[in-house]
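Residue 1221 is where the sequence shown starts when you use the numbering used here, and the numbers rise one by one after that.
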Amino acid sequence: MRRLPKTVLLALLTVYLVWGSTYLAIHVSLISFPPFLLMATRFLVAGGLLFGWLKLRGAPSPTLRQWRDGGIVGVLLLAGGMGLTAVAQQYVSSGMTAVFIASAPLLFALWGGLFGEWPRGREWVGILAGFSGAALLASGGEFAAQPAGVAALAGALVCWTFGSVLSQKKLTLAPGAMGFASEMLIGGIFLLGVGLVRGEAIVMPLDVRAMLAWAYLVIAGSLAAFSAYMYLLANVTPALASSYAYVNPVIAVVLGGWLAGETTGTREAVAMAVILGSVLLLTTSRSRGKPAPEPGAAPIAATAVKHH
């Protein structure tokens, strides 16, 4: 059985735990922030903080090509993926959102195959089992959706997965955290432009709950989890990097039981067992063939988590 480096495990746990809670934070933030301005401000602030911290440590600025490629990834992931997801949450139930998000690893497999890297048998079993478990877990919820919300979710899924695979296969990003900062800054600028064109405006005075949720999205959702996700894309298989799509509904169920007193029945227990089994399959499958940093090395994702 292949053991994952501690840095990869830390990045996986960060993405699993943080992104499992950000949907609630986005929902609360929408009280005062419209969708695109919400995403624009969180990533501009997070990207600015990360860029400034790196420059203080003497890191070189990205080249023009690295800014361009970081911008392409940032627009696809942040504007297309997260921006459209925030729009969709106004029109789509949580159950429908969970099923859409759970199909991300399947789309990852398709994009990866088109670039010459199809999953192997063990990974396919994990991908299909994870999707089945997430669908079973979401089946107890409401599946209401308006056409605009379904279209936004589909667009978000395509942009997010395609941008992720492009960052692995075709584009040259600035090394380490500077690449993450460039993606957040360019993606945030694009989101800001979209929000202004749409005529969005922040509701004043700011709701305290919305402001706290926004701060959580900046620090945990952007600086920590997004950096950890980009680190995973560079060091593990697409199937494992996208396994957050299966784990996030489990985190949501646990949070619901803890914070809202929601009960968990047999269906939920079986679904979570299937999901955890699928993640075990994915974590013990082949590596990308690109060695991850040695356990003693300080990866960019872990550094971002530690300092922010």
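Even glycine gets a Cβ: it sits at the ideal position worked out from N, Cα and C.
Same chain, Cβ closer than 6 Å to residue i, five either side skipped, listed in chain order
i: Leu1452; result: Ala1231 and Ala1461
i: Val1414; result: Phe1256
i: Tyr1436; result: Ala1245
Neighbourhood of residue i by C-beta distance below 7 Å, restricted to the same chain and skipping five residues each side
i: Leu1391; result: Asp1289, Ile1292 and Val1293
i: Val1248; result: Arg1429, Ala1430 and Ala1433
i: Gly1423; result: Residue identity check: residue 1423 is Val in the sequence provided, not Gly. Cβ within range, chain order: Ser1252.
Check whether residue i and residue j have beta carbons under 8 Å apart
i: Ile1246; j: Gln1309; result: yes
i: Ala1368; j: Leu1304; result: no
i: Ser1442; j: Phe1263; result: yes
i: Ala1279; j: Met1450; result: no
i: Leu1296; j: Phe1382; result: yes
i: Val1385; j: Gly1336; result: no
i: Gly1419; j: Gly1300; result: no
i: Ala1268; j: Leu1426; result: A small fix is needed here, since residue 1268 is Gly in this sequence, not Ala. No. Outside cutoff.
i: Phe1400; j: Leu1270; result: yes
Residue i versus residue j - alpha carbon distance
i: Gly1407; j: Gly1346; result: 32 Å
i: Asn1455; j: Gly1396; result: 12 Å
i: Val1378; j: Val1370; result: 12 Å
i: Val1235; j: Val1438; result: 14 Å
i: Leu1327; j: Met1302; result: 16 Å
i: Lys1275; j: Ala1493; result: 45 Å
i: Leu1393; j: Val1238; result: 24 Å
i: Ser1387; j: Ser1252; result: 33 Å
i: Gln1366; j: Glu1403; result: 31 Å
i: Val1490; j: Thr1227; result: 30 Å
i: Trp1344; j: Val1312; result: 28 Å
i: Gly1353; j: Ser1281; result: 43 Å
i: Thr1261; j: Ala1440; result: 14 Å
i: Leu1233; j: Leu1334; result: 29 Å
i: Arg1277; j: Lys1389; result: 29 Å
Where residue i falls, given that 16 or more other Cβ within 10 Å makes a residue buried
i: Phe1533; result: There is simply no residue 1533 to check, as the chain begins at 1221 and stops at 1528 in what is shown.
i: Gly1240; result: buried
i: Leu1330; result: exposed
i: Gln1286; result: buried
i: Ala1266; result: buried
i: Gly1272; result: exposed
i: Leu1412; result: buried
i: Ala1445; result: buried
i: Trp1380; result: buried
i: Val1417; result: exposed
i: Ala1421; result: exposed
i: Met1221; result: Confidence at Met1221 is low in this model, with a pLDDT of 43, below 50, so its placement is unreliable and no value can be given for it.
Contacts around residue i, its chain only, beta-carbon distance under 8 Å, and the 5 residues preceding and following it disregarded
i: Pro1325; result: Ile1347, Gly1350, Phe1351, Pro1458, Ala1459, Ser1462, Ser1463, Ala1465 and Tyr1466
i: Ala1306; result: Ile1246, Leu1250, Pro1255, Phe1256, Leu1258 and Met1259
i: Thr1283; result: Ala1394
i: Trp1338; result: Ala1329 and Gly1332
Any non-hydrogen atom of the ligand HEM closer than 7 Å to residue i Cβ
i: Trp1380; result: You won't find the ligand HEM in this model; it holds no ligand whatsoever.
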